[in-house]
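Worksheet: the structure to be examined is printed underneath.
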Amino acid sequence: MKSKNRAMRLFIGMLFILTAVTFCSTIPELKVTYRLPMRSDELKGKKVFIGFEDARKSKDLIGKGAQEQYKNFSGNITLLFSRGDEEGFRIGVYHIPALFKEVFKERLEYMGVEVVSEKKESEIEMVIVLKKLLLDLVERDWVVTMDYETKLLKDGEFLGSQTVSGQAQRLKLLGRRDADKVMGEIFTDAVNRLDVPRLFQQAGLI
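As C-alpha cells, this is what we get:
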C-alpha cells in the first residue's frame, strides 16, 4: 500500500513538473540588445536624474500582425548591452519604463554623466517621453516603430527638448529571432541618435 502511495506521489510530482515546464515554454521572450557608443568625457561633472513618461496612445507593444507569434507575452523585455561587434551580455528583465531608464542611464554614463537614483539629488532632470513603440509583423517583415522626446529641466523649469523617431524592419526567417534583432537595431539607432551635448548646449547647461 505504501509503495502504491509513493508511486502515486511520484507520478503526480512528475506530472506537475512537466506541466510547469510546458507552461513556461509557451511564454515568448522579447530581447533588446543595445549597442553602446564610444566613451567620452564630454559631459563629465554633470549630475542628472532620469525620469520617464509613457505618452503612447496605445500601451500595446505587440501589433496585431505579431500577436499570434507572441501569445501569453508578459510585456517585459530582456535587455542586453553590447560593445562594438561583440555578443550582448544580459543585464536583466524590465518593463518599459525601467528599460528606457536603464538604457539612457548607460548612454549618459558613457558621456561622463553621473546618473542619480533620486530626483532630489540633482537639479537637472532628463525626462524621456515615449510617444510610440510598436513591434509588428507586416506580411513577412518584422517592423518596429519608435518615437520619443527628451526634455531637460532644471529645478522643474523646462529648458529644451529633442525628438527622435525611426523605423526598422527585417525579413522574418525563423521564429522570433529576427524580431529581437530589429528591436535591438531600432533601440541602438534611436538612443544613440539623440544629440545629448547639443541638448545641454541649447539648455544653457554647458
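The number in our numbering is simply the position in the sequence shown, starting from 1, with 989 added. Here a beta-carbon is modelled for each residue, glycine too, at the ideal position from N, C-alpha and C. Remember, it's a predicted structure, so these values are computed and weren't measured experimentally.
Paired residues, beta bridge with residue i - DSSP
i: Q1259; result: Nothing in the structure corresponds to residue 1259, since the chain is present only between 990 and 1195.
i: L1126; result: W1131
i: R1096; result: In the DSSP output, where bridge partners are listed per residue, R1096 has none listed.
i: L1141; result: M1115 and G1149
i: Y1023; result: F1070
i: K1109; result: Answer is none; K1109 lacks a bridge partner.
i: K1121; result: D1136
i: E1075; result: Note: E1075 sits in no beta bridge, so no partner.
Close Cβ partners of residue i (< 6 Å) along its chain, the five nearest in sequence each way excluded
i: F1189; result: I1195
Range covered by the alpha helix (DSSP H) that runs through residue i
i: R1028; result: Here R1028 belongs to no alpha helix (DSSP H), and DSSP marks it neither H nor E.
i: D1016; result: Residue identity check: residue 1016 is Ile in the sequence provided, not Asp. Run containing I1016: none; DSSP gives neither H nor E here.
i: I1176; result: It should be noted that the sequence gives Phe, not Ile, for residue 1176. From DSSP, the alpha helix (DSSP H) with F1176 extends over R1166 to R1182.
Cβ separation of residue i and residue j, assumed to be a contact under 8 Å, to the nearest whole Å
i: M1172; j: L1119; result: Rounded, the Cβ-Cβ distance is 14 Å, inconsistent with contact.
i: G1155; j: A1179; result: 5 Å
i: Q1058; j: L1126; result: 6 Å
i: R930; j: W1131; result: The question about residue 930 has no answer here: the residues shown for the chain are numbered 990 through 1195.
i: D1043; j: I1085; result: 7 Å
i: I1117; j: F1093; result: 6 Å
Residue range of the beta strand (DSSP E) that includes residue i
i: I1080; result: F1078 to Y1083
i: V1037; result: K1036 to D1043
i: E1146; result: E1146 to L1160
Chain-order list of residues whose beta-carbon lies under 8 Å from that of residue i (same chain, five-residue window excluded)
i: G1073; result: R1024
i: Q1151; result: E1138, T1139, L1183, D1184, R1187 and L1188
i: L1088; result: V1021, I1066 and L1068
i: F1012; result: Confidence at F1012 is low in this model, with a pLDDT of 42, below 50, so the placement of that residue should be treated as unreliable; the coordinate-derived value is given next. Excluding sequence neighbours, F1012 sits near nothing in its chain.
Chain-order list of residues whose beta-carbon lies under 7 Å from that of residue i (same chain, five-residue window excluded)
i: G1077; result: T1022, L1069, F1070 and S1071
Handout entry: Three CB pairs or more closer than 8 Å across the region 1102-1110 and the region 1021-1037
Key = As far as the Cβ criterion goes, the region 1102-1110 touches the region 1021-1037, which means the pair count is three or higher.
Exercise for the section: Could you tell me whether the region 1055-1066 touches the region 1019-1031, where touching means 3 or more Cβ pairs closer than 8 Å? Expected result: Verdict: yes, contact present.
Practice task
May I ask you to verify whether the region 1121-1135 touches the region 1045-1053, counting CB pairs closer than 8 Å and requiring at least 3?
Solution key: Yes, the region 1121-1135 is in contact with the region 1045-1053.
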